[in-house]
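Numbering (the numbering used here), first residue to last: 400 to 641.
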């Protein structure tokens, strides 16, 4: 009996092809290519100055590439701004969190998108009900009416992830998410990332910590001096240089 064929990988959700970014004669990214599949955690590794932040800004709609091509869900993708990227299903959670401390958890999750009730007024009850369901997906057990200022950094980060899920995000980009977390909080975050992976959400985990990336990522892409240094599979094979 012939051996069963291995299942082919899912088609890429995001494909970056030969992306280059230049600033006044300085090349920040040079011919970078990578893929992220649905339900996959891709680690994007590199030291400071490797080009990680530049690539994030391009994918988030903060700036366009100088050349190259980006395809998202089979369609060429050129976001004009971060809101455009979010509408397409790409949300970036930066190292500096963007929550408003004086607002509640629910208000931060639905900021600018509050559900309306009768007479076009905000339905606070529905906002809190919907928020409670969303924060449960990221393992938070707290009152959605809690002010964000009362939360720890780790809890605020999970609220950011909950907000991304409320936007029906298909790709969540996390920029150095473990930098301000304790070891226990890092394990909790990785558990949530694993849960989202099972739900089919794609995650790009941006870090310079190889040990953390190896613990949670399915594949890793390494940048060095703005160039693609190689790819590493979770199975532990050597980095394959392009």
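Glycine included, every Cβ here is placed at the ideal spot set by N, Cα and C.
The structure presented is a predicted model; accordingly, all values stated were derived computationally and were not measured.
Span of the alpha helix (DSSP H), counted from its first residue to its last, around residue 583: As a first step, residue 583 must be located in the chain shown, where it is residue number 184. Counting along the chain, the alpha helix (DSSP H) containing residue 583 begins and ends at 582 to 597.
I believe residue 503 touches residue 544 by the beta-carbon criterion, under 8 Å. Please report the beta-carbon distance rounded to the nearest angstrom. Reading the chain shown from its first residue, position 104 is the one you call residue 503. Reading the chain shown from its first residue, position 145 is the one you call residue 544. About 5 Å; that satisfies the 8 Å criterion.
In chain order, which alpha helix (DSSP H) runs of at least 4 residues are fully inside the stretch 520 to 580? 523 to 536 and 552 to 565
Let me check understanding here. Comparing Cα to Cα, which of 417, 456, 547 and 505 lies closest to residue 528? Taking the first residue of the chain shown as 1, we reach residue 528 at position 129. Checked all of 417, 456, 547 and 505; the closest Cα to residue 528 is 505.
How many Å lie between residue 423 and residue 526 at the Cα? On the chain shown, position 24 is the one that residue 423 refers to. On the chain shown, position 127 is the one that residue 526 refers to. Using only the alpha carbons, I get a separation of about 46 Å.
From this set, 475, 446, 510 and 530, which residue's C-alpha is nearest residue 574's C-alpha? One-based indexing of the chain shown puts residue 574 at position 175. Closest option to residue 574, Cα to Cα, is 446.
Hey, would you say residue 477 sits closer than 8 Å to residue 572, going by beta carbons? Walking along the chain shown from the start, residue 477 turns up at place 78. Walking along the chain shown from the start, residue 572 turns up at place 173. Not in contact: residue 477 and residue 572 (Cβ atoms no closer than 8 Å).
Where residue 637 falls: helix, strand or coil (DSSP): On the chain shown, residue 637 is found 238 positions in, with the first residue counted as 1. Residue placement at residue 637 is poorly supported in this model, since its pLDDT is 47, which falls under 50; the coordinates still yield a value, given next. DSSP places residue 637 in coil when its eight states are reduced to three.
Helix, strand or coil for residue 602 per DSSP? To locate residue 602, count along the chain shown from 1; it is residue 203. In the structure shown, residue 602 sits in a strand (DSSP, three-state: E or B).
Using 8 Å as the threshold, is the stretch 550 to 560 in touch with the stretch 512 to 527, meaning 3 or more CB pairs across them? no
Let me make sure I understand the geometry here. Which of 616, 511, 468 and 452 has the alpha-carbon closest to that of residue 482? Counted from its first residue, the chain shown places residue 482 at position 83. That would be 511, whose Cα lies nearest to the Cα of residue 482.
By the three-class DSSP mapping on this structure, what secondary structure does residue 418 have? The count along the chain shown starts at 1 and reaches residue 418 at position 19. Strand, per DSSP.
Rounding to the nearest angstrom, what Cα-Cα distance links residue 604 and residue 518 in this structure? As a first step, residue 604 must be located in the chain shown, where it is residue number 205. As a first step, residue 518 must be located in the chain shown, where it is residue number 119. In a straight line, the C-alpha of residue 604 is about 43 Å away from that of residue 518.
If you count every other CB in all the chains shown that lies within 10 Å of the CB of residue 581, and 16 or more means buried, which is it? Counted from its first residue, the chain shown places residue 581 at position 182. Exposed, by the Cβ-count rule.
Mapping the DSSP letters down to three states, classify residue 501 as helix, strand or coil. Within the chain shown, the letter at position 102 stands for residue 501. Correct three-state label for residue 501: coil.
Among all the DSSP beta bridges, which residues are the ones paired with residue 469? If you number the chain shown from 1, residue 469 lands on position 70. Answer by DSSP bridge pairing, in chain order: 415.
What number of angstroms, rounded off, separates the C-alpha of residue 542 from the C-alpha of residue 613? Numbered from its first residue, the chain shown carries residue 542 at position 143. Numbered from its first residue, the chain shown carries residue 613 at position 214. Their Cα atoms are separated by approximately 34 Å.
Span separating the alpha-carbon of residue 456 from that of residue 489: Sequence index remark: in the chain shown, residue 456 carries index 57 (1-based). Sequence index remark: in the chain shown, residue 489 carries index 90 (1-based). So the two alpha carbons sit approximately 12 Å from each other.
Residue 405 by DSSP, collapsed to three states: which one? Along the chain shown, one-based indexing puts residue 405 at 6. Confidence at residue 405 is low in this model, with a pLDDT of 46, below 50, so its placement is unreliable and the value that follows should be read with caution. Correct three-state label for residue 405: coil.
If you run the structure through DSSP and keep just helix, strand and coil, what is residue 617? As a working note, residue 617 is residue 218 in the chain shown. Reduced to three states, the DSSP call for residue 617 is coil.
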